[in-house]
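Student: Going down the list, the protein sequences come from chains A and B. Numbered continuously in the numbering used here, the first sequence closes out at residue 819. Numbered continuously in the numbering used here, the second sequence closes out at residue 95. Built from N, CA and C at the ideal position, the CB exists for glycine as well.
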Amino acid sequence: MTQSRRDRSPQELSGVGLSPGVSIGTAYEVEPQIVALYPIRIASDEVTRELKRLRAALKESRLQLEKAREKLEAELGKEHSHIIDAHLLILEDPLLLEEIEKKIQEELQSPERAVREAAENWISAYRSLEDPFFRERGSDVEEVVQRLIFNLMELDSQGHEGLPEDLILVVSEASLFLLVEYPLERVKGLVVKRGGTTSHGIIIARSYQIPVVAGIQNLKEVIRTGDTLIVDGTSGMVQVRPSEREIRNYQARVRQEQKIQQELVGDTSPCLTSDGQRIYLYANVEIDSEVPLGLKLGGGGIGLFRTEYVYMKDKQKPVSEEQQFKIYKHLATVVAGRPAHIRTLDFGGERHPYFSPILGETDTALGLRGIRLSLRYPDIYREQIRAILRGSAYGNLKIVLPMVSDVDEVVQARRLIQVAKEELLEEGVAFNEEIEVGIMVEVPAAVIMLESLCPHVDFLAVGTNDLIQYTLAASRTDDRIANLFKPLHPAVLKSLYRVAQVAAAEGVLALICGEVASHPVYARLLIGMGFRHLSMSPFAIPEVKGRLREISCLEAAAMVEEVLRQATLEEVEDYVNEFMKKQKTGVTS
Amino acid sequence: MIRKTLRIKSELGLHARAAAKLVKLTSQFESDIKLSRLNVEEQVDAKSILGILLMAAAQGTEIEVMIDGKDEEVAMEAVVQLVNNRFGEEK
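Dropping the structure here:
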C-alpha cells in the first residue's frame, strides 16, 4: 500500500459515473490518513494543557457544525438540519465527554487517542444492535469523532481558506455534509469510494452539475491531496496525475463540451444521425423539480419518472392518492403533449421507514420489490394507479411496471389497472382511457420471455443498470465486485441486441432508460442495434445529441455486428477502443 | 425518586430527531434522569443522546423513566408530555 502511495506515476481509475460531465481540478482528501500520526501518551504535567486543547477542539467542532446547519437550512430548508442537531448533541454528550476526560486524566492518554478509544466503545455497541435503523447511528458517532480528531490535530485550522479554486473532493461516501461544508462554486468534481448510491450528496451534485465518479475502491492508495485529477462523470473514468498531453486533451474536451452545451441547451431541433435517422431523446428524472430542465434538454419527453421520491415525501406512511395526484397532474401539465413514463413504486436500496420493514433487510435487489411488492399490497398500488390515471386526464402519462419477470405479473397488474379505471368511470372522474402500459425490461427472465410479454404491453423500457446487474449477477453497490459490473460485457450486449430484435419483430416501441445511454460509445452501440429512443440524465442529453449527429446508423450497425462476434469482455473493450481511436483520427485528419 | 412507564408511540420510535428533543429537554433539569426498557435492568442517562439511541426503542417499546432530584416532579411532567405528544412530530 505504501508502495502504491509512493508511486507518483500517472494512473487511470475506472468507476461508475453518477453525475455526467468532465472537469479538471486538484484532489482534496476529505478524510486524510491520520492513523498513528498523533501521540498516544502524554506526561502527567501535560494534563491541564491537553484538556484545554480538547475543549478548544470541541468548541471548534461545534462552530463548524453550527455553520454547516446555517448553510444547510439556507440551501435546502430545515428538513435536513436535524442531522446536525444530533451531531451537536453527540459532540457534547456528557457520558462520552466524561470517558474522554477520564482517559486523559487517569490513563494519561493523548486527547486524540482518548477520543478514539472512548468512541470506539460506543460505536461497537451500536454495531451490535439488531435494529438496522439504530445500528446506523454508529456512523453518526464516527463522523463526529473524526471531526473532533481533525480539529484536535488542527488539520482544519486554516478552514477552507487555503483550498484551491478548482476542488475535487475525494471521499469514501457522498454524504449530505460534504456539499454544505465546502464552497460549492469551487467544487469541480467528486470521486467517491462506495459504489452506486442515490444518496443526498449525489443528487445535490447532479443538480449543481458537478461530475461524480463512484465505486473506486483503491482511491486512498492512489490519490493524495494536491494531485491533479481529471474526473469524467460521463464515462466513469478518473485520471490521476495526468501527463501534460492528457491535460491538454481534456482541456480541449472541456472547452468543446462547454461549447456543445451552450449550443445545444437551446437547441430543440430533432436529433438526426448523419444518415438521417431520427433519434428520440428523453430525460430520466428523480424528482419533480428536475422535470422542466429534463424537458428543455431532451425534446422527447420524460423517459423515466421514478416515483420513489414521491413516496419519500412522507416518511411515515405511503403518500396518499391525493398527494400523488397533485404531483402527476403537475407532471402531465408540464410535459404538455410529450409522453411522461411513470414507473410505479420500486424501492431498491432506498430506506423508507414504512416500506423497509416490508421489503426486508437482505437481498433487496432480489427480494420483494417493484411489481412484486405492488401485487402483494394491492391497496397501496391501487392508490398509485388511481393517482396516475387521474393525472392522465391532463397530459400524456404512461405507466411502467418495474421488475417484471413473468407474463402473469403483467396480466394481474393490468387487471388492477382495469378495476381502477372502472371505479373512476363510476365516480365520473376523468382519465385517459387509452393510457399506455409498458414494462421495465431489467430482469433476464423478461429478456428471455420477451416474445410472450410483448402482446401484453404497449411499450418496453429497458432498465440497463438493473439488467447489467442481474445478467452478470454483480451488485452495483458491493465495492468488492464493482469490477464485474461491466456494461460492455458480451452477455449484456447480446441481451440488449435480443431486445431490439424482438421489439422490432413484434412492433413494440423499446425505450432505453439507463446511465449507459449517456455514454458516447454505448449510445453508438444502441443505435447500431436498432434502438431509436434513448432516455438519460438531463445533463447528459446535449452532449449525446451532438455525438449522435455524427454517427451513421449503418456504420453503427456494422460495429455492433463486429462487437457481437467477440467472446470476452476484454475482446469487446479492445475492439471498441480500437474503433474509437480510428474514429477520432478519422475526424481530425 | 419517582418513576413512570411510558410507551413510545411515534412511528419511527425514539430515533435521532426525537432523542435530540428529549436530550434538549432533560438537560434543562437538575435532577438525575434515567431511562430503561421495561423490565430491563440496564439504564441509560436521559441527558446522553448516545445512551438514548442505544436503547434502540422502536415504535411500541415500553420504557421506564426514573427521575431523582429537586425538580423531579416538573421534569417528569415535561418528559411525559414530550413522549405522549410523539415528540411533537406527527400532525
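If you measure between the beta carbons of B/L39 and B/V48, is that distance less than 8 Å?
Tutor: yes
Student: Check the DSSP bridge columns for A/R271 and list the partner residues they point to.
Tutor: A/Q339
Student: With a cut-off of 8 Å, does the C-beta of B/V27 fall near any C-beta of chain A?
Tutor: Answer yes: the Cβ-Cβ gap between B/V27 and chain A drops below 8 Å somewhere.
Student: Got a sec: is the Cβ-Cβ distance from A/V371 to anything in chain B below 8 Å?
Tutor: With 8 Å as the cut-off, A/V371 counts as an interface residue toward chain B.
Student: What three-state label does DSSP hand B/R7 in the structure shown?
Tutor: strand
Student: What does a CB cutoff of less than 6 Å around A/M231 pick up in its chain, not counting 5 residues either side in sequence?
Tutor: Note that A/M231 scores a pLDDT of 39, beneath 50, so its modelled location is shaky; the value from the coordinates is reported in the next line. Excluding residues up to 5 positions away in sequence, E451 lie with their Cβ nearer than 6 Å to the Cβ of A/M231 in the same chain.
Student: Just to confirm, are A/I460 and A/Q447 a CB contact at a threshold of 8 Å?
Tutor: Taking the C-beta atoms as reference points, A/Q447 is found no nearer than 8 Å to A/I460.
Student: Using DSSP with H/G/I as helix, E/B as strand and the rest coil, what is A/Y624?
Tutor: A/Y624: coil per DSSP, three-state reduction.
Student: Roughly how many angstroms separate the alpha carbons of A/Y805 and A/I477, rounded to a whole number?
Tutor: Approximately 25 Å, taken between the alpha carbons.
Student: A/F715 by DSSP, collapsed to three states: which one?
Tutor: coil
Student: Residue range of the beta strand (DSSP E) that A/C743 falls in?
Tutor: From DSSP, the beta strand (DSSP E) with A/C743 extends over 739-743.
Student: Given a threshold of 16 other Cβ atoms within 10 Å of its Cβ, counted over all protein chains shown, does B/D72 qualify as buried or as exposed?
Tutor: exposed
Student: The beta strand (DSSP E) spanning A/M633 covers which residue range?
Tutor: Counting along the chain, A/M633 sits inside no beta strand (DSSP E), nor does DSSP assign it H or E at all.
Student: Which one of B/K8, B/M5, B/L10, B/L18 has the shortest CA to CA distance from A/R367?
Tutor: B/L18
Student: If the criterion is Cβ atoms closer than 8 Å, does the pair A/G463 and A/S244 meet it?
Tutor: No, these two residues do not count as a Cβ contact at 8 Å.
Student: Look at the alpha carbon of A/M383 and the alpha carbon of A/I453, and state the distance between them as a whole number of angstroms.
Tutor: 22 Å
Student: Just list the alpha helix (DSSP H) runs in the segment 471-523 of chain A, keeping only unbroken ones of 4 residues or longer that don't cross its boundaries, in chain order.
Tutor: The qualifying runs are 474-495.
Student: Can you tell which of A/V790, A/H763, A/E280 has its C-alpha closest to the C-alpha of A/G533?
Tutor: Nearest C-alpha to A/G533: A/H763.
Student: Identify, in the order they occur along the chain, each residue of the same chain with its Cβ nearer than 6 Å to the Cβ of B/E76, setting aside the five sequence neighbours on each side.
Tutor: Closer than 6 Å at Cβ, skipping near neighbours: I6, S35.
Student: Assuming A/V630 and A/T574 form a contact by the criterion Cβ under 8 Å, report the distance between their Cβ atoms to the nearest whole angstrom.
Tutor: Right, the Cβ-Cβ distance comes to about 7 Å (below 8 Å), so this counts as a contact.
Student: Would the beta-carbon of A/L561 fall within 8 Å of that of A/F577?
Tutor: no
Student: I need the boundaries of the beta strand (DSSP E) containing B/E34, first residue and last residue.
Tutor: It is not in any beta strand (DSSP E) - B/E34 carries neither H nor E in the DSSP assignment.
Student: Is the Cβ-Cβ distance between B/R90 and B/K13 less than 8 Å?
Tutor: yes
Student: Output yes or no for whether 8 Å exceeds the beta carbon distance between A/V400 and A/L338.
Tutor: no
Student: Can you find a CB in chain A that lies within less than 8 Å of the CB of B/K13?
Tutor: no
Student: Identify each residue in the segment 15-47 of chain B for which the Cβ-Cβ distance to at least one residue of chain A is less than 8 Å, and report them in chain order.
Tutor: So the close ones are E15, L16, G17, H19, A20, R21, A23, A24, V27, K28.
Student: Can you check whether the C-beta of B/K95 is within less than 8 Å of a C-beta belonging to chain A?
Tutor: Any reading at B/K95 is ruled out, since the residue's pLDDT is 43, under 50, leaving its predicted position unreliable.
Student: Of all the options A/Y356, A/E652, A/W352, A/H312, which has the alpha carbon lying nearest to the alpha carbon of A/A298?
Tutor: A/H312
Student: If you reduce the DSSP assignment to three classes, tell me which class A/L756 lands in.
Tutor: helix
Student: Would you say A/K556 reaches chain B, if we count a Cβ-Cβ gap shorter than 8 Å as a contact?
Tutor: It does not; no Cβ of chain B falls within 8 Å.
Student: Nearest chain A C-beta to B/G55 closer than 8 Å, yes or no?
Tutor: yes
Student: Would DSSP call A/Q241 helix, strand or coil?
Tutor: strand
Student: Does the Cβ of B/A61 lie closer than 7 Å to at least one heavy atom of the ligand ATP?
Tutor: The ligand content of the structure shown is nil, which means the ligand ATP is not present either.
Student: Inspect the beta-carbon positions of A/V374 and A/L420 and report whether they are closer than 8 Å.
Tutor: no
Student: Near A/P548, what residues of its chain come up, given a Cβ to Cβ distance below 6 Å and the 5 sequence neighbours on each side ignored?
Tutor: I610
Student: In the DSSP assignment, what residue or residues form a beta bridge with B/D72?
Tutor: B/D36
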